[in-house]
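Take 1 as the starting number for the sequence shown in my numbering and just add one per residue.
Here a beta-carbon is modelled for each residue, glycine too, at the ideal position from N, C-alpha and C.
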Amino acid sequence: MSRRRTNSNEDDSLELLLDTVSNVFGGVMFLTLLAALLIIARGTAPAEPDDAVEERPVPVSAVLVEAKIRQTAAAIQAQQEIMRQLDPDGDVMAKSDRLRSLEQTLSLARRHAGRTDHLKEAQQQALRDQLANQSELEQQIADVKQQIADQAATASAIRTQSERSVEFRPLSRSMTDEAVVLLRYGRWYLLQTGPSEGVNRDDFFVLQHSRSLTRVTPKPHRGSPVTSQSLSDLVTRLKAEFKPGQFHVLIAVWDDSFSEFNPVKDAVKAAGYTYRTLPCDSSTRLSNQYAAEAYVQ
């Protein structure tokens, strides 16, 4: 019994040893094949020592190349199948091209719009400047119109003041002599300083002189302005040389002195003289000669 048990233990130990050796050998073979496959798949040889004289390319297995080709072809076919599933009508690419074209067109349109906006801003600025100038011109026109209206109102007031609203009395024939007073350049002139005196050459230019005719015109720088003081002086000189009962006053008035007529006429009437009026214009020349009996008022 004892020997029989001993043989059984030895058989079991041998089987265990053989089993272990087989497993180790199988593991080594597996690791060796795995390393070889990895090196072939990467296409590179194992690292050699630094002192290797030259590197020799490791040949690539044709089987692996064909497997890679089949894998790539399968991937391409799978992508094409996916594209067919995503785009059954085949218009996605066309739409994509159309989208890119539209994006380019939009980009160009935006650049053009930017330039257009710049030009539009410049035009709007020019329009604003033009409107400002127009507004300034309109304001100037309004100011000129206002000035014209003011001047018209002033002229109307002056015209109203200078209008001769004289109520003419019935004329009567006078047998008296004349004392001549001229109104021109806004001034009054005495043609003679006295009844027996000749033409007042201090205040008049003599244009023509003969025995029966003397033609004169007043000097612009002589005479006296029509004021209250000068009219008082006129009345004093008239009364000193031309008595009211013996003389009447001839008032020769030019068109540039119509506004001075009423003050002179009022002063002459207040002094007790009758008068007559002789309207004149720029072409009138006075003549000192015999005249018919005058009508006075």
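Extent of the continuous alpha helix (DSSP H) run through residue i
i: D281; result: Per DSSP, D281 belongs to no alpha helix (DSSP H) and is neither H nor E.
i: P263; result: 261-270
i: R237; result: 228-241
Exposure label - residue i; buried when at least 16 CB within 10 Å
i: H248; result: buried
i: F168; result: With a pLDDT of 47 at F168, under the threshold of 50, the predicted position of this residue should be treated as unreliable, though the coordinate-derived value follows. Burial call: exposed.
i: F242; result: buried
i: V264; result: buried
i: D203; result: buried
i: G272; result: exposed
i: T116; result: exposed
i: D12; result: exposed
i: P279; result: exposed
i: G223; result: buried
i: E178; result: buried
i: T20; result: exposed
i: T274; result: buried
i: A142; result: exposed
Short Cβ contact (8 Å threshold) for residue i with residue j
i: V253; j: L183; result: yes
i: I251; j: V199; result: no
i: L207; j: R215; result: yes
i: Y185; j: D129; result: no
Identity of the residue in the options nearest residue i by Cα
i: Q246; options: F30, G194, R215; result: G194
i: L231; options: L190, L278, K95; result: L190
i: S282; options: L137, M175, P218; result: P218
i: S228; options: T236, T20, D19; result: T236
i: H221; options: Q140, F205, H209; result: F205
i: F258; options: P244, E103, I158, A78; result: I158
i: M175; options: T154, R276, F25; result: R276
Residue i, enclosing beta strand (DSSP E) - first and last residue
i: V216; result: 214-218
i: Q246; result: Neither: Q246 is in no beta strand (DSSP E) and is coded neither H nor E.
i: H209; result: 204-209
i: Y189; result: 187-190
i: E178; result: 177-184
Expected contact under 8 Å - CB spacing of residue i and residue j to nearest Å
i: W188; j: L234; result: 6 Å
i: V299; j: E260; result: This structure does not reach residue 299, given that the chain is present from 1 up to 297, and the question cannot be answered.
i: D35; j: L64; result: Before going further, note that residue 35 is Ala rather than Asp in the sequence given. 15 Å between Cβ atoms; not a contact.
Proximity test, residue i beta-carbon vs the ligand GDP heavy atom, cut-off 7 Å
i: F204; result: Summarising the ligand content, the structure contains no ligands, and the ligand GDP is consequently not present.
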